[in-house]
DNA sequence: AATGAATGAGAGTTCATTCAT
DNA sequence: TATGAATGAACTCTCATTCAT
């Protein structure tokens, strides 16, 4: 699990600086208003230097998306693996997701742009996270901890909940004021969202769930 | 309930043609790659004509978003109101949502762009739909048909599920191939998603769900 | 001298309204920022109506210039002809010039634009006024009231003085503040300008004037 | 007095080329008909290059006006300072003014546009030249070489004479034919104009001039 | 490895003019 | 006589990308 980090060469450091600057500029301005000039200025390098390390604006965008994706999954896995019990792991992973996005609002803002900029990057991003959910759910299901539901669909549902709640509470803040400051998901919202999810996944239901709720004397 | 539609004047017809063309072009190309030239060509009018009816590219974008929002909510309400029983109404509304987006993939593609293009339009879109969910859930809760959960959070969860499932199955099609043709949500996916939702909302659980899951004697 | 004015037809009234509106809009906005739409709106007529009476934007500009020129010359002649004595007539004419431009700052603003818009109109404007000066000076010279100087050159000098003093004090106001309100030429400035002119024109000098001033023991 | 001129960098040369081209194009076509495309074509550079050195069309216009103003004042001061005697200096300065405008008809054509394009530049241009006249007149007055007249008003009168005579004879040529070739002010016209001015400024008259003129016993 | 001057296609927008009504 | 919807050429300005240094 541990990676031995070699000392970076000068070139690698320059490249890394550009990548970090790009994430920031993309997050602040969006893909289209982020210009190469702004990115290179933020990175403190010359314009031409950009093309020494990246072949195009789209390429660096893809790389930023990939980098964010890697980091959010890492955070989720790390949080999950420290928890005891599957449900706890699930909660921890979800919380890590929100925390990550609260610290890196770029995630939402960048990802949502990707639809037209780089559909492939967008799909890869979602698919990778969903695969994590799906595999976890499938395992939990085998252990009887999750009810009878298609793990794929359930995993996408989780993804959707995570994304929209993040957008609503992290990006928009407590009030739906445009340009409001980003903040964390309030604890009571997090709890309610988890309740929603846990009820949906709770074992015991084998039918549609529609009638079940009512038949529980 | 029926509205008498006056015959359109020539100007109104031109305006409508531009609006329809814009929806199509925005959906195909995204906001930034959609140019006024492309929109007016698609509408079969001159460039200058555009500015007779809209003051800017962003204005027509807002109007397209608003128009789609009005139509999707109309479709959902219409479907809901024909159903018997609250749960049926809920299912019907959700199905209408997917059907609408299958026929108007523009909805997703356009709305997701709005984050940077017109944040106000984006929020209005989500908020309006969520308000519909929330009010319906609150009413159902009073009637004892929905469990003890914050209707606001639950409504956003529904919105997230609807959006991501729509994106995944309507826009991407059965396979996650970029550029694949849009299609409807497969029935089994729809059923699974509804099961997920209905379990989450089912009455009977008054706790967090967390403890319930653990109470497996 | 008196013209019997026929009652205007409806068309003539419309035309006149457009002309008045054009003078105002040209004066406020300049030739290029004055659009046909703005002129017709100010006149309270439709866009197309404009082309019923004028063939182009330049044509109406020429007509506005010609109209102003006619009116300023009329005012100058009227003032001159009421004065007793040539010098008094000259002063009265000059004063009328400043008064007209104080009331119609459009004169300056429009005329100075004409250089590129309609050189012919510009030359006609200056030439007509200068001819008036020149003929008056020539007559006064014959009467021994004006010194030995070429009336043509002197007339142009008068024109230049009138224009620049008008620009400086009428358009810019007492202080050289951009956008200051137009005002009349202050009496002391008018007196000084007239003194300048009257000394220049005073009879008695037959040489260059250069030495004369000094040789007057 | 001599300035060591550093060799220009490549960028400075490009900028200078654009500035020269702009002066020419503005002079030929006027501000509004001068497009960035025409300017950059005349300069032999790409369109985008323009915006590397100037932020807008109006900015380069201001710079052209300022540049011309600096050069004409320089020419006038240089000519004046080589003359012996105040009156000679005055004549030399005026002659330099006409010579400059004969060689750079752009001066008139550009300056007269500025009223609507850049009022600030226009005022600066006139004010700077007038200040030179005024200070010279005030000094000459103290030395008893100029009569009792407000130097400010007299300076503006000189400015007006210089401008209109320049326009009439330099821009329009000997005949008042539109589009005629520019030429120098004919010597006899120059002499007459100087006579006019020198009489106006000659010492000896302390009254208004009005009474003097009348005192012809 | 690094630079930044240079490019030109393409963007959104304006407006004098026409013409069917 | 009067209208105003429609046009499209032309405008100013931006920016991803190249390349000589």
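Chains as they are written, first to last, in UniProt numbering: chain W, 1 to 217; chain H, 1 to 217; chain L, 1 to 217; chain Y, 1 to 217.
Where a beta carbon is used, it is the ideal one built from N, C-alpha and C, also for glycine.
Just so it is clear, the structure is predicted and the values come from calculations on it, not from any experiment.
Using 8 Å as the threshold, is the C-beta distance between residue i and residue j below it?
i              : j              : result
residue 193(H) : residue 96(W)  : no
residue 153(W) : residue 196(H) : yes
residue 17(W)  : residue 45(W)  : yes
residue 37(W)  : residue 102(W) : no
residue 110(W) : residue 65(W)  : yes
residue 20(Y)  : residue 34(Y)  : no
residue 106(H) : residue 27(H)  : yes
residue 40(Y)  : residue 50(Y)  : yes
residue 218(W) : residue 67(W)  : This structure gives no information on residue 218(W), because the portion of chain W shown stretches from 1 to 217.
residue 138(H) : residue 151(H) : yes
residue 155(H) : residue 86(H)  : no
residue 146(L) : residue 165(L) : no
residue 108(Y) : residue 167(Y) : yes
residue 161(L) : residue 161(Y) : yes
If you follow the alpha helix (DSSP H) that residue i is in, where does it begin and where does it stop?
i              : result
residue 171(Y) : Where residue 171(Y) is concerned, there is no enclosing alpha helix (DSSP H), given that its DSSP letter is neither H nor E.
residue 151(L) : 151 to 165
residue 145(L) : Segment: none, residue 145(L) is in no alpha helix (DSSP H) and carries neither H nor E.
residue 40(W)  : 36 to 43
residue 24(W)  : 10 to 33
Taking the C-alpha atoms as reference points, what is the distance between residue i and residue j?
i              : j              : result
residue 200(W) : residue 31(W)  : 36 Å
residue 15(W)  : residue 183(W) : 30 Å
residue 59(H)  : residue 52(W)  : 39 Å
residue 172(Y) : residue 163(L) : 18 Å
residue 202(L) : residue 133(L) : 15 Å
residue 212(W) : residue 88(H)  : Legend: pLDDT at residue 212(W) = 38, less than 50; position of this residue unreliable, no value from coordinates given.
residue 131(H) : residue 174(H) : 31 Å
residue 126(L) : residue 57(L)  : 21 Å
residue 22(H)  : residue 116(H) : 18 Å
residue 204(Y) : residue 91(Y)  : 20 Å
residue 136(Y) : residue 120(Y) : 24 Å
residue 185(H) : residue 7(W)   : 50 Å
residue 81(H)  : residue 72(H)  : 14 Å
residue 10(W)  : residue 48(W)  : 16 Å
residue 74(L)  : residue 83(L)  : 15 Å
residue 149(H) : residue 29(H)  : 40 Å
Step through the CB atoms of chain L and report whether any lies within less than 8 Å of the CB of residue i.
i              : result
residue 132(Y) : no
residue 115(Y) : yes
residue 141(Y) : no
residue 195(Y) : yes
residue 17(Y)  : no
Can a CB atom of chain H be found closer than 8 Å to the CB of residue i?
i              : result
residue 61(W)  : no
residue 24(W)  : no
residue 154(W) : yes
residue 104(W) : no
residue 32(W)  : yes
residue 37(W)  : no
residue 189(W) : yes
residue 192(W) : yes
So, does the CB of residue i fall closer than 8 Å to a CB anywhere in chain W?
i              : result
residue 164(H) : yes
residue 97(H)  : no
residue 74(H)  : no
residue 85(H)  : no
Consider the Cβ of residue i: report whether some Cβ of chain Y lies at a distance smaller than 8 Å.
i              : result
residue 150(L) : yes
residue 161(L) : yes
residue 43(L)  : no
residue 173(L) : no
residue 121(L) : no
residue 157(L) : yes
In chain order, which alpha helix (DSSP H) runs of at least 4 residues are fully inside the segment 182 to 206 of chain W? 187 to 201
Where in the segment 51 to 110 of chain L do unbroken runs of the alpha helix (DSSP H), each at least 4 residues long, occur, reported from the N-terminal end onward? 57 to 82, 86 to 103
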